[in-house]
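Number of protein chains: 2
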Amino acid sequence: MRAPRSDAPDTRGDILATAHRLFREIGYRKTTVADIAAELKMSPANVYRFFDSKKSINEGVAERLLGEIADALEIEATRPDATAPARLRALLVTLSAMSEERFLSNKRMYDMVEDAMAESWDVCDRYVARCDAILIGLVRDGCARGEFAIEDPEAGARCVHAAVVCYCHPAMMAQSQEHPHASIEQMAEFALRGLGARERG
Amino acid sequence: MRAPRSDAPDTRGDILATAHRLFREIGYRKTTVADIAAELKMSPANVYRFFDSKKSINEGVAERLLGEIADALEIEATRPDATAPARLRALLVTLSAMSEERFLSNKRMYDMVEDAMAESWDVCDRYVARCDAILIGLVRDGCARGEFAIEDPEAGARCVHAAVVCYCHPAMMAQSQEHPHASIEQMAEFALRGLGARERG
Chain A
1 MRAPRSDAPD TRGDILATAH RLFREIGYRK TTVADIAAEL KMSPANVYRF FDSKKSINEG
61 VAERLLGEIA DALEIEATRP DATAPARLRA LLVTLSAMSE ERFLSNKRMY DMVEDAMAES
121 WDVCDRYVAR CDAILIGLVR DGCARGEFAI EDPEAGARCV HAAVVCYCHP AMMAQSQEHP
181 HASIEQMAEF ALRGLGARER G
Chain B
1 MRAPRSDAPD TRGDILATAH RLFREIGYRK TTVADIAAEL KMSPANVYRF FDSKKSINEG
61 VAERLLGEIA DALEIEATRP DATAPARLRA LLVTLSAMSE ERFLSNKRMY DMVEDAMAES
121 WDVCDRYVAR CDAILIGLVR DGCARGEFAI EDPEAGARCV HAAVVCYCHP AMMAQSQEHP
181 HASIEQMAEF ALRGLGARER G
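Chains A and B, in that order, give the protein sequences.
Everything in the first sequence is counted per UniProt numbering, starting at 1 for the first residue and increasing by one.
Everything in the second sequence is counted per UniProt numbering, starting at 1 for the first residue and increasing by one.
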């Protein structure tokens with residue numbers, strides 16, 4: 001991805017928003033850079049000033065899509081006046097709902113995320129690392145407040161993250177829908193017990 | 001797959017064992033039915049009496065490979081004189097170790113399992129359903145013995161199964177190796193707490 005110019009923030013954002021909409025409407029694989037440029041009434045060459053390839057545009061859209069989920073998780077994880085167990089429960093339900101809405105409800109977006117995962121490991125890696133950090137912060141806080149009772153908060157947070165992979169990983173969500181599975185609410189209670197939560201309410 | 005004839009059991013088994021060995025040594029994608037026949041000093045036509053395609057041979061090998069894991073889990077789940085928590089702990093460690101040995105340690109076997117998962121959903125589905133049933137039986141038994149304290153043993157067992165997907169699903173094992181993750185022993189303790197295990201020893 002090239003360094004953005006001075007007029008970059010708006011145009012970059014416009015390109016990503018338009019690409020996102022076209023990916024949803026026409027499908028990621030059918031959308032061309034020329035389509036995106038035409039929608040914005042600009043030349044393809046101008047799009048290429050901001051993104052050197054369709055892959056870069058896809059990365060940008062995936063980054064926004066995943067960033068929105070992580071932003072929402074962060075809000076749940078740090079909500080004031082809520083216990084750590086209540087915050088974790090809300091975080092997991094949010095993660096499941098947003099992942100389902102983004103990755104499963106629209107086959108076209110699923111294709112885009114699949115390609116993003118195949119081509120743009122960095123974007124996915126950063127998202128996984130950010131989710132990990134949010135969960136570790138929350139579990140540490142819960143341990144410090146005496147609301148979770150485990151010896152190793154970091155390992156506990158990673159167990160929670162691994163435990164919900166069928167509720168947030170595009171390919172695993174699709175596969176686990178084929179089999180009977182626990183609801184996210186049941187999984188959240190399981191994870192809370194796994195962390196030795198003192199409060200269940 | 002065709003119905004086996006009277007001389008079938010041995011020849012079928014020989015074909016599968018030879019195919020399995022060649023998949024390991026040469027690689028699944030490079031092994032032809034002619035290679036398998038040549039190793040067994042029989043004609044390809046004779047191999048086709050038992051398996052109508054290479055896909056059927058692959059299914060047979062995958063079924064054996066997965067069946068061996070499920071057999072081992074069943075032994076751990078029903079070990080006499082062990083508490084349910086001890087049996088679950090042993091089962092999860094066995095699942096993780098056997099999956100790692102079969103799906104990750106050999107890139108060629110990984111290719112075979114990947115193709116089996118893409119082409120032979122039935123084989124994989126039966127394996128997942130069998131693992132589910134083994135876990136449900138064990139968790140129910142533990143609840144009946146008062147060693148687990150959860151209201152819905154079936155949902156609890158499915159939470160355990162989902163929680164360990166990164167330790168037994170070929171694609172997820174490969175992906176989760178890229179990120180920091182909890183050990184299977186830490187995950188087993190997490191799952192035991194998740195089931196409200198009374199015994200931790």
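Yeah, the Cβ is synthetic: ideal placement off N, Cα and C, and Gly gets one too.
Tell me whether Gly142(B) is buried or exposed, calling it buried when 16 or more other Cβ atoms sit within 10 Å of its Cβ. Indexing the second sequence from 1 puts residue 142(B) at position 142. Label assigned to Gly142(B): buried.
Looking at the structure shown, is Pro180(B) part of a helix, part of a strand, or coil, going by DSSP? On the second sequence, position 180 is the one that residue 180(B) refers to. Correct three-state label for Pro180(B): coil.
Please say whether Glu63(B) and Val113(B) have beta carbons closer to each other than 7 Å? To locate residue 113(B), count along the second sequence from 1; it is residue 113. To locate residue 63(B), count along the second sequence from 1; it is residue 63. It is not a contact, given that the beta carbons lie outside the stated cut-off.
Own chain residues within Cβ distance below 7 Å of Ala197(A), not counting five before or after: As a working note, residue 197(A) is residue 197 in the first sequence. Result list for Ala197(A): Pro85, Glu147, Phe148, in chain order.
Environment of Gln175(A) [buried if 16+ CB atoms lie within 10 Å]: Sequence index remark: in the first sequence, residue 175(A) carries index 175 (1-based). When all chains shown are included, Gln175(A) counts as buried.
At least one CB of chain B closer than 7 Å to the CB of Val139(A): is that the case? Locating residue 139(A) in the first sequence gives position 139, where the first residue counts as 1. Closer than 7 Å: no.
Between Thr31(B), Ile26(B), Val47(B), Arg29(B), which lies nearest to Asp14(B) when the distance is taken from Cα to Cα? Counting from 1 along the second sequence, the entry for residue 14(B) is found at position 14. Taking only the C-alpha atoms, the option nearest Asp14(B) is Val47(B).
Within this structure, are the beta carbons of Cys166(A) and Val61(B) separated by less than 7 Å? Mapped onto the first sequence, residue 166(A) falls at position 166. Mapped onto the second sequence, residue 61(B) falls at position 61. Contact: no.
What three-state label does DSSP hand residue 215(B) in the structure shown? Residue 215(B) is absent from the model: chain B starts at 1 and stops at 201.
Ignore the nearest five residues each way along the sequence and tell me which others in Thr18(B)'s own chain have a CB closer than 8 Å to its CB. Taking the first residue of the second sequence as position 1, residue 18(B) is located at position 18. Only Ile36, Glu39, Leu40 meet the Cβ criterion.
For the segment 48 to 69 of chain A, which residues have a beta carbon sitting closer than 7 Å to at least one beta carbon of chain B? none
Tell me whether Pro80(A) sits in a helix, a strand or coil according to DSSP, three-state version. Locating residue 80(A) in the first sequence gives position 80, counting from the first residue. Residue state, collapsed to three classes: coil.
Answer with yes or no whether the minimum CB distance from Arg89(A) to chain B is below 7 Å. Your numbering for residue 89(A) matches position 89 in the first sequence. By this cut-off, Arg89(A) is not an interface position.
Of all Cβ atoms in chain B, is any one closer than 7 Å to the Cβ of Ala182(A)? In the first sequence, residue 182(A) corresponds to position 182, counting from 1. It does; some Cβ of chain B falls within 7 Å.
Glu119(A) to Arg158(B) span [Cα, whole Å]: The count along the first sequence starts at 1 and reaches residue 119(A) at position 119. The count along the second sequence starts at 1 and reaches residue 158(B) at position 158. So the alpha carbons of these two residues sit roughly 32 Å apart.
Are the C-beta of Phe190(A) and some C-beta of chain B separated by less than 7 Å? What you label residue 190(A) is simply residue 190 of the first sequence in a count that begins at 1. Judged by the 7 Å Cβ criterion, Phe190(A) is in contact with chain B.
To test your reading of the DSSP string, which unbroken alpha helix (DSSP H) runs of 4 or more residues are found completely within the UniProt domain "HTH tetR-type" (9 to 69) of chain A? 33 to 39, 44 to 50
Helix, strand or coil for Leu95(A)? Go by DSSP, reduced to three states. Reading the first sequence from its first residue, position 95 is the one you call residue 95(A). Leu95(A): helix per DSSP, three-state reduction.
Buried or exposed: where does Ile26(A) fall if 16 or more other Cβ atoms within 10 Å of its Cβ makes it buried? In the first sequence, the residue the question calls residue 26(A) occupies position 26. Label assigned to Ile26(A): exposed.
Measure the beta-carbon distance from Ala162(B) to His181(A) and round it to whole angstroms, keeping in mind my assumption that it falls under 8 Å. By 1-based counting over the second sequence, the position of residue 162(B) is 162. By 1-based counting over the first sequence, the position of residue 181(A) is 181. Confirmed, about 6 Å.
Residue closest to Asp115(A), alpha-carbon to alpha-carbon, out of Tyr28(A), Arg12(A), Ala155(A): Here residue 115(A) refers to the residue found at position 115 when the first sequence is read from its first residue. Looking at the Cα atoms, Tyr28(A) is the closest of the given residues.
I'd like the span of the alpha helix (DSSP H) that includes His161(B), first residue to last. Start at 1 with the first residue of the second sequence, and residue 161(B) comes out as number 161. That run of the alpha helix (DSSP H) goes 153 to 163.
Using a Cβ cut-off of 7 Å, pull out every chain A residue sitting near Val165(B), in sequence order please. Your numbering for residue 165(B) matches position 165 in the second sequence. In chain order: Val165, Cys166, Met172.
Exposed or buried, Gly201(A), counting other C-beta atoms within 10 Å across all chains shown (16 or more means buried)? Along the first sequence, read from residue 1 onward, the residue named residue 201(A) stands at position 201. Low local confidence applies: a pLDDT of 44 at Gly201(A) is under 50, so the model's placement there is unreliable, with the coordinate-based value given in what follows. When all chains shown are included, Gly201(A) counts as exposed.
Backbone CA spacing between Cys131(A) and Ile69(A) [nearest angstrom]: Residue mapping note: residue 131(A) aligns to position 131 of the first sequence, counting from 1. Residue mapping note: residue 69(A) aligns to position 69 of the first sequence, counting from 1. Answer to the nearest angstrom: the Cα atoms are 9 Å apart.
Using only the alpha-carbon positions, how far apart do Ile24(B) and Met109(B) sit? The count along the second sequence starts at 1 and reaches residue 24(B) at position 24. The count along the second sequence starts at 1 and reaches residue 109(B) at position 109. One detail in the question is off: residue 24(B) reads as Arg in this sequence, not Ile. Each residue's Cα considered, the two are about 6 Å apart.
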